[in-house]
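For reference, the structure discussed in these notes is given below.
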Amino acid sequence: MVDLNSLVHDIAAEMAAREERGTVASYIPELAGVDPAGFGIAVVGADGDTHVAGDGDTLFSIQSVSKVFTLTLALGKVGDALWQRVGREPSGNPFNSIVQLEYEKGIPRNPFINAGAIAVADAILAGHTPKVALGEILRFLHFVSDDESIHIDSAVARSEQATGFRNAALANYLRACGNLRNPVDLVLGVYFHHCAIAMSCRQLAMAGRYLAFGGRHPTAGGKVISSERAKRINALMLTCGHYDGSGDFAFRVGIPAKSGVGGGILAVVPGKASIAVWSPGLDAQGNSVLGSAALELVSRRMNWSIFGD
Ligand SMILES: NC(=O)CC[C@H](N)C(=O)O
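Per the working numbering, the very first residue in the sequence shown carries number 1453; after that it's consecutive.
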């Protein structure tokens, strides 16, 4: 049996020595200054044991990883009706692509590309103020991670709000197609702020437990969501969680996971573990280079690919 604690420490040491680290996202000015040397990992197992190594307690911008949590909330609010406004297919296009949205008449391919997540933010906003909607998102994260300290990094939110012209284009196009019910600027405000939530690998791995363990909240008891819904969110993470890199990630790692341009990845091994990794250097698809490499090692050493031993 592989000792998980030594494995995460071995991986952190190996990643610290790697030279090929990718490029830090610079299109959000506030993220451009993040040190590419960072690497963190945290694994929470079915027994509740937590293993953390490297910079696993360093806060980073979770960016698109937040879309897993907003999807969970939106499904809780509107149920399967959400699928009339957002699809469930991999996009095969960059996360901020505009072309497909016009071809497909304002119905985003899936809830994890930007257009889909903006429609999801609209479903959560649903006539509330952005402040109330964001409070709900944060409360959910506090609950699932057992950690009340999780907050929004307002400098990152402001930075993206000032430069997020592509996202504004996507939101306006959704609105033009009747797939946005609230004012564009309010929906974008919710979207930019939930992307700007700061978390550590430890907090993120804790937050992912409900997806790894059949919708259950391991410490509070009871269900966060049904096991059916957890299964389906995991399926979307596998097929769409890494944008146009999702196929390659499934091939190499074989675990449902969601990435963000802050360099974080939340990975869910059903029944076995919730894992978070972070390293800010990205590949051409906007996915963490070392984060993916670390998950590939974990998957191989633990035999955790969902596709077999
Ligand atoms: N892939 C990502 O993490 C993108 C999220 C980022 N906030 C954006 O909208 O561009």
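Glycine residues also receive a C-beta, built at the ideal position from the N, C-alpha and C atoms.
Short Cβ contact (8 Å threshold) for residue i with residue j
{"i": "G1712", "j": "A1728", "result": "no"}
{"i": "S1740", "j": "G1733", "result": "yes"}
{"i": "Y1695", "j": "Q1655", "result": "no"}
{"i": "I1604", "j": "L1525", "result": "no"}
{"i": "C1653", "j": "I1550", "result": "no"}
{"i": "G1667", "j": "S1678", "result": "yes"}
{"i": "F1547", "j": "G1714", "result": "no"}
{"i": "G1474", "j": "D1761", "result": "no"}
{"i": "V1460", "j": "V1517", "result": "no"}
{"i": "P1670", "j": "G1500", "result": "yes"}
{"i": "V1454", "j": "M1754", "result": "yes"}
{"i": "L1586", "j": "V1642", "result": "yes"}
Pick from the options that is closest to residue i, judged by C-alpha positions
{"i": "L1622", "options": "L1640, K1683, Q1655 and Q1515", "result": "L1640"}
{"i": "I1758", "options": "G1714, L1718, F1512 and N1686", "result": "N1686"}
{"i": "V1504", "options": "F1521, W1756, L1456 and V1530", "result": "L1456"}
{"i": "R1610", "options": "V1705, H1645, S1518 and F1512", "result": "H1645"}
{"i": "G1693", "options": "R1704, T1522 and A1719", "result": "A1719"}
{"i": "N1631", "options": "A1650, E1554, G1674 and V1608", "result": "E1554"}
{"i": "R1684", "options": "G1697, D1637 and P1563", "result": "P1563"}
{"i": "K1519", "options": "I1559, F1703, D1574 and T1510", "result": "D1574"}
{"i": "D1700", "options": "V1676, A1745, G1674 and P1670", "result": "A1745"}
{"i": "L1593", "options": "V1676, V1608, K1529 and V1636", "result": "V1676"}
{"i": "F1521", "options": "G1697, C1647, V1608 and G1579", "result": "C1647"}
Distance between beta carbons of residue j and residue i, contact taken as under 8 Å
{"i": "A1657", "j": "M1689", "result": "Between M1689 and A1657 the Cβ distance is about 14 Å, and since that is not below 8 Å, they are no contact."}
{"i": "M1467", "j": "G1506", "result": "7 Å"}
{"i": "L1577", "j": "N1634", "result": "5 Å"}
{"i": "F1665", "j": "A1498", "result": "7 Å"}
{"i": "V1476", "j": "A1469", "result": "So it is not a contact: roughly 19 Å between Cβ atoms."}
{"i": "L1747", "j": "V1705", "result": "5 Å"}
{"i": "I1649", "j": "I1514", "result": "5 Å"}
Status (buried if at least 16 other CB within 10 Å, exposed otherwise) for residue i
{"i": "T1581", "result": "exposed"}
{"i": "Y1662", "result": "buried"}
{"i": "A1672", "result": "exposed"}
{"i": "V1584", "result": "exposed"}
{"i": "A1762", "result": "This structure cannot settle anything about residue 1762, because the visible part of the chain is limited to 1453 through 1761."}
{"i": "S1731", "result": "buried"}
{"i": "S1458", "result": "exposed"}
{"i": "R1561", "result": "buried"}
{"i": "V1750", "result": "buried"}
{"i": "R1591", "result": "exposed"}
Interface flag, residue i vs chain C, CB-CB below 8 Å
{"i": "N1457", "result": "Of the protein chains in this structure there is only one, and it is not chain C."}
message = For the stretch 1537 to 1553 against the stretch 1596 to 1603, do three or more pairs of beta-carbon atoms, one drawn from each stretch, fall closer than 8 Å, so that the two count as touching?
response = no
inquiry  = Is it the case that the stretch 1562 to 1573 contacts the stretch 1613 to 1629, given that we only count it when at least three CB pairs across the two stretches are under 8 Å?
reply    = yes
query = Would the stretch 1521 to 1536 and the stretch 1486 to 1493 be scored as touching if the rule is three or more Cβ pairs under 8 Å?
reply = no
query = With a cut-off of 8 Å, do at least 3 Cβ pairs link the stretch 1609 to 1622 to the stretch 1478 to 1485?
reply = yes
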